[in-house]
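*Asks:* Encoded as structure tokens, here's the structure I'll be asking about.
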Amino acid sequence: MKDIRDLSFDEWRDELVRIGEPAFRAGQIFDWIYKKGATRFEDMTNLGRDLQEKLGRAYLVGRLELFGVLRSKDRAEKYVFRLHDGSRIESVLIPAGNRATVCVSTQVGCKYACAFCASGRRGFVRHLTPSEIVGQVLFLRDHIDTALTNIVFMGMGEPFDNFENLIKAILILNSPHGLGIAARRMTVSTAGIIPGIERFKKLGLQVNLSISLHAATDAKRSGLMPVNRKYPLEKLLAACEDYLREGGRKLTLEYVLIKKVNDGAEDAARLARIAARLKAKINLIPFSPVIGLAFEVPEEGRVLDFRRKLEAGGVPVTLRHSKGRDIQAACGQLAGI
Ligand code: SAH
Numbered sequence: 002m003k004d005i006r007d008l009s010f011d012e013w014r015d016e017l018v019r020i021g022e023p024a025f026r027a028g029q030i031f032d033w034i035y036k037k038g039a040t041r042f043e044d045m046t047n048l049g050r051d052l053q054e055k056l057g058r059a060y061l062v063g064r065l066e067l068f069g070v071l072r073s074k075d076r077a078e079k080y081v082f083r084l085h086d087g088s089r090i091e092s093v094l095i096p097a098g099n100r101a102t103v104c105v106s107t108q109v110g111c112k113y114a115c116a117f118c119a120s121g122r123r124g125f126v127r128h129l130t131p132s133e134i135v136g137q138v139l140f141l142r143d144h145i146d147t148a149l150t151n152i153v154f155m156g157m158g159e160p161f162d163n164f165e166n167l168i169k170a171i172l173i174l175n176s177p178h179g180l181g182i183a184a185r186r187m188t189v190s191t192a193g194i195i196p197g198i199e200r201f202k203k204l205g206l207q208v209n210l211s212i213s214l215h216a217a218t219d220a221k222r223s224g225l226m227p228v229n230r231k232y233p234l235e236k237l238l239a240a241c242e243d244y245l246r247e248g249g250r251k252l253t254l255e256y257v258l259i260k261k262v263n264d265g266a267e268d269a270a271r272l273a274r275i276a277a278r279l280k281a282k283i284n285l286i287p288f289s290p291v292i293g294l295a296f297e298v299p300e301e302g303r304v305l306d307f308r309r310k311l312e313a314g315g316v317p318v319t320l321r322h323s324k325g326r327d328i329q330a331a332c333g334q335l336a337g338i
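Sequential numbering of the sequence shown, starting at 2, is according to the working numbering.
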């Protein structure tokens, strides 16, 4: 059985035509799935009995099974889903007034083993399918009152390591036949997988890109992020420049601030130079504690001081006080176990 939610609108239309159905049915069925939240063909009342049965024999409409919800003091919510193979994934809902951002996972576990992150500690299990990626957003849309305005691919996993499924999910979320979420309201975050940045650039999507930098020298970055040995800083920055030159939208550099590890004056000066070179904004994220890790959270004064140093270098900075720490839902705390 094929999951229709693994297909982009164009793929589904081609598929229907291939099985001898008129192309206009594709829009009707996508409407049922993405606008009305239907998961059973017998509920799609304008299709006719024969078509409902024919589709039911060959296709299914995947949906996620909720395992549990945790609500944090600061209103962030962690949704844990159990997949058909028993794996668990997590999505975080981050409300802001009457709007909300959803942080979605793209893999079960992660291959990249950044020293400060919970997701990599359990190792890699598998890629999520497009249906499982989109399913996280759909589930939330159908179960909460708040309007979902932004999608960030910053949950468990490395989006560019699951490139094709990520892009298909983006197309489905973006399509007017799908969820109709504007590309500019979506952000992909990468640990700096250069081939991914290059492929992403070629697609010319209007989706935002964030680079997880976290250190401004190779020695320090390789210590925190083993991926830096494969894709070292200078090559990464050159790939970013290339991305911008060829029309990519403004980049954001994420920087997890860890006490006495990367929060010194020299770190700030180097980071400011990199940001200036890329004309990028810096998103400063105070380290979120991870069970079993010895890294420490920097004091607020130290964080503000680091920010001032960057701003003095003329770099725009946003400070992300990551929500949901008390329920292990903050940046870097998603482990899906
Ligand atoms: N693999 C992608 C997507 C994960 S996004 C990436 O690396 O960008 C999650 C963001 O949270 C990344 O910037 C990640 O580096 C950051 N992060 C990881 N562990 C963290 C922690 N303990 N505290 C704060 N941020 C963390």
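Don't be surprised by glycine CBs; every beta carbon is placed ideally from N, CA and C.
In whole angstroms, give me the CA-to-CA distance for ALA59 and LYS261.
*Replies:* Straight-line Cα distance between these residues: approximately 57 Å.
*Asks:* Which residue from ALA27, MET187, ARG200 puts its Cα closest to that of ASP162?
*Replies:* The residue with the shortest Cα to Cα distance from ASP162 is ARG200.
*Asks:* From ARG41 to VAL189, what distance separates their C-alpha atoms?
*Replies:* Roughly 31 Å between the two C-alpha positions.
*Asks:* What's the C-alpha gap between LEU272 and ALA24?
*Replies:* Going from the Cα of LEU272 to the Cα of ALA24 covers about 52 Å.
*Asks:* I'd like to know if the segment 64-75 and the segment 118-125 are in contact, where contact means that at least 3 CB-CB pairs between them fall below 8 Å.
*Replies:* Touching, no.
*Asks:* Where does ALA330 sit, in a helix, a strand or coil, going by DSSP?
*Replies:* Three-state DSSP puts ALA330 in coil, outside helix and strand.
*Asks:* Hey, could you find the ends of the beta strand (DSSP E) GLN108 is sitting in?
*Replies:* First-last of the beta strand (DSSP E) with GLN108: 108-110.
*Asks:* Would you mind listing the alpha helix (DSSP H) stretches within the segment 252-298 that are 4+ residues and don't spill past its ends, in chain order?
*Replies:* With a minimum length of 4 residues, the continuous alpha helix (DSSP H) runs that stay inside the segment 252-298 are 266-279.
*Asks:* Looking only at DSSP bridge pairs, what is PHE82 linked to?
*Replies:* Looking at the DSSP assignment, PHE82 forms a beta bridge with LEU67, ILE90.
*Asks:* Please classify ARG309 as buried or exposed, where buried requires at least 16 neighbouring CB atoms within 10 angstroms.
*Replies:* Exposed, by the Cβ-count rule.
*Asks:* May I ask which residues mark the beginning and end of the beta strand (DSSP E) holding SER211?
*Replies:* Per DSSP, SER211 belongs to the beta strand (DSSP E) from 209-213.
*Asks:* Would you mind working out which of ARG64, MET155, VAL135 sits nearest LEU172, comparing C-alpha positions?
*Replies:* For LEU172, the nearest C-alpha among the options comes from VAL135.
*Asks:* Please list the segments of the beta strand (DSSP E) lying wholly inside the segment 122-191, counting only runs of 3 or more residues, in order along the chain.
*Replies:* DSSP runs (the beta strand (DSSP E)) wholly in the segment 122-191: 125-128, 148-154, 187-191.
*Asks:* For ASN209 and MET187, which I take to be in contact (beta-carbon distance under 8 Å), what is that distance rounded to the nearest angstrom?
*Replies:* With 8 Å as the limit, ASN209 and MET187 qualify as a contact, their Cβ atoms being about 7 Å apart.
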